[in-house]
Structure formats: structure tokens, C-alpha cells
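Novice:
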Amino acid sequence: MSDSPDRTPHREINPIAQALNEKLEEAAPEVLAMLSEYGRRLYFPKGIISQTAEARQRANRFNATIGIATEEGGPMSLSSVVSQLGDVPVADAVTYAPPAGRPGLRALWREKLLAENPSLTDKAFGQPLVTSAITHGLSLAGELFLDPGDVMLLPDKLWGNYRLTFEVHHGARIETFPFYLGSGGDSGSSDSRGLDRMDTEAFAARLAELGEGREKLVVLLNFPNNPTGYMPTPEEGDALAAALERQAERGTKLVVICDDAYFGLFYHLGGASMTESLFGKLTGRHPNLLAVKLDGATKELFVWGLRCGFITFGPGRPEAAEIVCDALDAKTRGAVRGGVSNVPQLSQTLVERALGSPGLAAEREAKCETLRLRAERVFEVANQPKFAESWSVYPFNSGYFMLVRVEGVDAEKLRVHLLDEHGVGLIATSATDIRVAFSCLEAQDVEPLFEALHQAIQELR
Ligand SMILES: Cc1ncc(COP(=O)(O)O)c(C=O)c1O
914 MSDSPDRTPH REINPIAQAL NEKLEEAAPE VLAMLSEYGR RLYFPKGIIS QTAEARQRAN
974 RFNATIGIAT EEGGPMSLSS VVSQLGDVPV ADAVTYAPPA GRPGLRALWR EKLLAENPSL
1034 TDKAFGQPLV TSAITHGLSL AGELFLDPGD VMLLPDKLWG NYRLTFEVHH GARIETFPFY
1094 LGSGGDSGSS DSRGLDRMDT EAFAARLAEL GEGREKLVVL LNFPNNPTGY MPTPEEGDAL
1154 AAALERQAER GTKLVVICDD AYFGLFYHLG GASMTESLFG KLTGRHPNLL AVKLDGATKE
1214 LFVWGLRCGF ITFGPGRPEA AEIVCDALDA KTRGAVRGGV SNVPQLSQTL VERALGSPGL
1274 AAEREAKCET LRLRAERVFE VANQPKFAES WSVYPFNSGY FMLVRVEGVD AEKLRVHLLD
1334 EHGVGLIATS ATDIRVAFSC LEAQDVEPLF EALHQAIQEL R
């Protein structure tokens, strides 16, 4: 007899999870088919949180349910902490927030989504759930929809952290398509001039190829993009959405994650870009297509360290949207509760109060204008003919970043040389590509930076 421990995974489905799955099966079976095994097992327990919520309403003598310490009708607190809070009420700072987030914050973020994405008007989509910023939203999306071995489609220009989240954590396989026309895919091509706009046909072709014989695909599109700083034109946005609809019509269940981290930072360099999230075009589009919007206050409200973001579901069947959103809401709350418990209350309160502040829109516009001026300066400087022998500029028009493809040198060697010899820090994203974060460059620093890049390339050749 072997004395090795039993390593059989626990796979039982709780009756509450089972009930959620049955609701999905009846209203939108394709959404149930999109869920990972963990996603199917997820539910929000009728445990401490829901018993506490009931007691809050009905325990009018003593409420001894809450897992915090209280006195005199409020949370116990220390003046060394309270004295830091300004006019934020103690209860809005130090108590636990609900697993889905503060209800007021969720409502205000939904209003913001509608105001900034007119194509969502009259569409049936869920109430945003609060996440510990977008990275946590990505992780939640992985938990809900990815099993080891599942395939994801992303552009070949991608934020490196996706590999940790989706490949290392969830065991998914990332496949790519060439982001730009004329860029020749991952390896670059010898035809270095004339990088054009987005290669939506390559996206459609790769989607069809990967969809062949697969029940489900998870697609992740990040616009404005990191590392390229690219937001598609309206025509490109239509082409991406049409390709997804065609593939959904062919029968592939598609979960499309829209990472909108840099939403709103649109500068329209070299022509008009979209100013709405693809989420608006995808919600309610096809039963086999579930749109998942990830966005956050981190970049949009310039509060990176507050770790406040959102996950919002845009189901394909308008008539079943409420049931689908309720079930996904419960499963996501379960994942939050079992992962980080809840997102910091103080962060949520600050973001909620900022969203209600009358000055917010003008303040955001002013910061966007500062970034736009930097982006314009970069556009002007980096595209100068004198630099053409050193790099090609990938089209960019938005966000924080731009990317150049350097000529005749290895990007990583160049990065190190720039640090060692010029005191300049840039990011090498592949063997050929170097990313410049103009978001943290003053306008007057743009020209000297590109001069240094040019000189470093000449030195290395
Ligand atoms: C494309 C993209 N998504 C998500 C994130 C992470 O955002 P957050 O700080 O909200 O987790 C970043 C940040 O660098 C990013 O570039």
C-alpha cells in the first residue's frame, strides 16, 4: 500500500454554484461554456458577509456579526490614523468595503462609462465591480474564463505582465497576430520603412485559424495600447468588431477582454482615432461573444497606487443580460472574497468622492492636454528624416507610450548602452523594439532624448 498523500483535487460544486450554473445554462448556455472549471465552481457564499448584511437591516438590539471592532456606534479607531484622514469620515476609511465594491462608486463608474461611451446607451451591461486595479481585473478574468492549456489571442505588441498573469498563473497559451501592417510580426521585417496602421486582417485571419476546431477562445485587446501608444481608427475598430462577430457566428465562444487602462488619453496624431472602448461595439453583438471591460482610476484619474479598478460584463444576448450579469457578478464576488477579500475602502472612497467632484472633468482634461503636447513633440521629433537611418516609428496617437523599431542593433544591448553611457532609461520590449514613456518626459526633454538614442545606435553599430 502506498503512503503517498491523496492529491486528487477538490472538484465538488457547491449547490449555490450549481444554481448559478443552471441559471446560465437556461438563459445563455454559451456563457456557461466560456467559464473555466474554477469559474463554474465559483459562488458567493451565504456566509459571514450575507448574514452580516441581513443583520445590518434587522438586528435592531445588538449586532454582533461584523468582523471589526466598534465603539459608540462606529468603528474603533486610533487618532494617529484618523488625524491623517482630512474630512473623510472614519467609517468610509477604515471599515471593510463590500466584495463588489462601494455601491455608490459602482454606480458612478457606470454613469461614467455611459457618458464616455455613447454606443453603450440602450445596451444591457452589468454594474462594474471594483477590483484592486486592472491587474487584479486581469487576474479575475483569468480565474473566471481560463483553464490550463486554453488559448488566448493578443497582438504581438503586448504588455509583458500578461505573460505572468495568463501564462504563468493560469497556464494559458498566448498566441499573437502582427499588430501593424508591414511590421512582419514578432521578428520585424527587412522592409523597415513605411510602417502602416493596424493589421486588422491579420487579426481576423489568426482568429479564424485559432478558432478552427476550438470551442472557446479568449481574446485580449488593449487600447490605447501598451507598448505602442496606439488607438485604432473608427474603421479599424469596426473591422475588429466585425471579425469577432464573424468568428462568433462560426460557433467559437469568444471572451473578449478589453483592457482600457489608458482610456481617454486620445491625441489623434496622424488622423482621428476612436474615442470609445471596443466594449461598446461588442456588447449585445452576438450570443457567442462576451465582452469584459477592465478599466480603472489608476491611469484615468492619475491615482496609480490607490489600486482602484473595475470589471464590467457586456453579454451577447440582450434578453438574458440581467441573468448573465447577476450570475457573473456573484461568481466574481466569490473570486474577490476568496482572493483579496475586498478592495481598500479608503481608495474607493477617494475615487468615489473625486467622481462626484464638479472640477474633475476639467482637471482630467488639463492633464490630458499636458500629455498631448508631449506626444505631439515626440511625434515631431522622432519622425525627423535625420533619424530614419536609426529607427522607424510605429504609429502612435494615444496613451503614455510610443515604440520605435531600431535598425542594425540589438534593442537590449542598446538599452544597456543608453544606461551606461548616456544615463537614459528606456524599455526594450523585443530584440528590435524600444519603448519610450513620454508620459514621464517634459516637452523640453524630448529632443535630447531622441538625440541620445540616435547617437547610441551609431556608437553601437
Ligand atoms: C495595458 C496595461 N494594463 C494594465 C495595467 C495595470 O494597471 P493597474 O495599475 O490598474 O493594475 C497596465 C500598467 O502598466 C498596463 O499598461
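The numbering of the sequence shown is this note's numbering, which starts it at 914 and goes up by one.
Backbone N, C-alpha and C define an ideal beta-carbon position, used for all residues, glycine too.
This one's a predicted model, so the numbers in the text were calculated from it and none came from an experiment.
#1: Let me check you understand the geometry: is the CB of Ile981 closer than 7 Å to at least one non-hydrogen atom of ligand 1?
#2: For Ser1303, does the count of other Cβ atoms within 10 angstroms reach 16, so buried, or fall short, so exposed?
#3: Is it true that the CB of Tyr1307 sits closer than 8 Å to the CB of Tyr1093?
#4: Return the chain-ordered ranges of every alpha helix (DSSP H) run that is complete within the segment 970-1054 and spans a minimum of 4 residues.
#5: Could you give the uninterrupted runs of the beta strand (DSSP E) lying entirely in the segment 1166-1201, keeping only those of 3 residues or more?
#6: Hey, how far is the Cα of Val1382 from the Cα of Leu998?
#7: What is the DSSP secondary structure of Asp1151, counted as helix, strand or coil?
#8: Take Pro1147 and list the residues in its own chain whose beta-carbon comes closer than 6 Å to its own, dropping the five residues that flank it on each side.
#9: Which residue wins for smallest C-alpha separation from Tyr1313, given the options Gln1297, Arg1348, Val1294?
#10: Out of Ile981, Thr1262, Val1294, which has the shortest C-alpha to C-alpha gap to Val1216?
#11: Within the continuous alpha helix (DSSP H) that includes His929, where are the two ends?
#12: Under the DSSP definition of a beta bridge, which residues are partnered with Lys1129?
#13: Buried or exposed, going by whether 16 or more other CB atoms sit within 10 Å of the CB of Pro928?
#14: Following the continuous alpha helix (DSSP H) through Gly1336, name the residue where it begins and the one where it ends.
#15: Quick one: what's got a C-beta closer than 8 Å to Gly986's C-beta in the same chain, skipping five residues either side?
#16: Starting from Gly1124 and walking both ways along the beta strand (DSSP E), at which residues does that stretch end?
#17: Select from Asn934, Tyr1175, Glu1334, Leu1202 the residue whose C-alpha is nearest the C-alpha of Pro1231.
#18: I need the straight-line Cα distance from Gly1182 to Tyr1143, nearest angstrom please.
#19: Consult DSSP for Gly1227 and reduce its assignment to one of helix, strand or coil.
#20: Taking only heavy atoms of ligand 1 into account, decide whether any of them is closer than 7 Å to the Cβ of Thr1048.
#21: Short of 6 Å in beta carbon distance, which residues of its chain neighbour Asp1099, apart from the five on each side in sequence? Order them along the chain.
#22: Pull up the distance between the alpha-carbon of Thr1283 and that of Gln1368, whole angstroms please.
#23: With a threshold of 7 Å on Cβ separation, who are the neighbours of Val1003 within its own chain once the five nearest residues in sequence on each side are excluded?
#24: Phe975: buried (16+ other C-beta within 10 angstroms of its C-beta) or exposed?
#25: Report the rounded CA-to-CA distance for Gly1107 versus Phe1363, giving the unit in angstroms.
#26: Please tell me whether Thr1196 and Glu1149 are closer than 8 Å, where the distance is taken between their beta carbons.
#27: Hey, quick one: how far does the beta strand (DSSP E) through Ala1301 stretch, first residue to last?
#28: Met1065 bridges to which residues according to DSSP?
#29: Please confirm whether any heavy atom of ligand 1 lies closer than 7 Å to the CB of Thr1342.
#30: Using the beta-carbon count (16 or more within 10 Å), is His1049 buried or exposed?
#31: Checking the sheet assignment: what are the DSSP bridge partners for Gly1222?
#32: Do the CB positions of Gly1229 and Arg1198 come within less than 8 Å of each other?
#33: Is it a yes or a no for the segment 1127-1137 touching the segment 1161-1175, going by three-plus beta-carbon pairs under 8 Å?
#34: Give the DSSP-derived three-state secondary structure of Phe1058 in the structure shown.
#35: Measuring only from the beta carbon, is Trp1304 closer than 7 Å to any heavy atom that is part of ligand 2?
#36: Is Ala1174 close to ligand 1? I mean its beta-carbon at under 7 Å from any heavy atom of the ligand.
Specialist: Based on what the coordinates show:
#1: no
#2: Result: buried.
#3: yes
#4: Correct list: 992-995, 1004-1007, 1016-1029.
#5: Segments of the beta strand (DSSP E) lying fully in the segment 1166-1201: 1166-1172.
#6: Absent from the model: residue 1382. The displayed extent of the chain is 914 to 1374, so no value can be given.
#7: Helix at Asp1151.
#8: Non-local C-beta neighbours of Pro1147 in its own chain, meaning closer than 6 Å and more than five positions away in sequence, comprise Met1187, ordered along the chain.
#9: Arg1348
#10: Thr1262
#11: The displayed chain sequence assigns Ile, not His, to residue 929. Its alpha helix (DSSP H) spans residues 928-940.
#12: Assignment of beta-bridge partners to Lys1129 by DSSP yields Lys1166.
#13: By the 10 Å Cβ count, Pro928 comes out exposed.
#14: That residue, Gly1336, is in no alpha helix (DSSP H); it is neither H nor E in DSSP.
#15: none
#16: No beta strand (DSSP E) contains Gly1124, which is instead part of the alpha helix (DSSP H) from 1113-1124.
#17: Nearest C-alpha to Pro1231: Leu1202.
#18: What sits at residue 1182 in the sequence shown is Leu, not Gly. Going from the Cα of Leu1182 to the Cα of Tyr1143 covers about 10 Å.
#19: strand
#20: yes
#21: Confidence at Asp1099 is low in this model, with a pLDDT of 43, below 50, so its placement is unreliable and the value that follows should be read with caution. Result list for Asp1099: Asp1069, in chain order.
#22: Approximately 28 Å between the Cα atoms of the pair.
#23: Gly987, Pro988, Ser990, Val995
#24: exposed
#25: Legend: pLDDT at Gly1107 = 45, less than 50; position of this residue unreliable, no value from coordinates given.
#26: no
#27: Per DSSP, Ala1301 belongs to no beta strand (DSSP E) and is neither H nor E.
#28: Ile1087, Val1131
#29: No, since every heavy atom of ligand 1 falls outside the 7 Å radius drawn around the Cβ of Thr1342.
#30: The residue in question, His1049, is buried, as its Cβ has 16 or more Cβ neighbours within 10 Å.
#31: Thr1044, Gly1209
#32: yes
#33: Short answer: they touch.
#34: helix
#35: In the structure shown, ligand 2 is absent; the only ligands present are ligand 1.
#36: Yes, Cβ of Ala1174 sits closer than 7 Å to a heavy atom of ligand 1.
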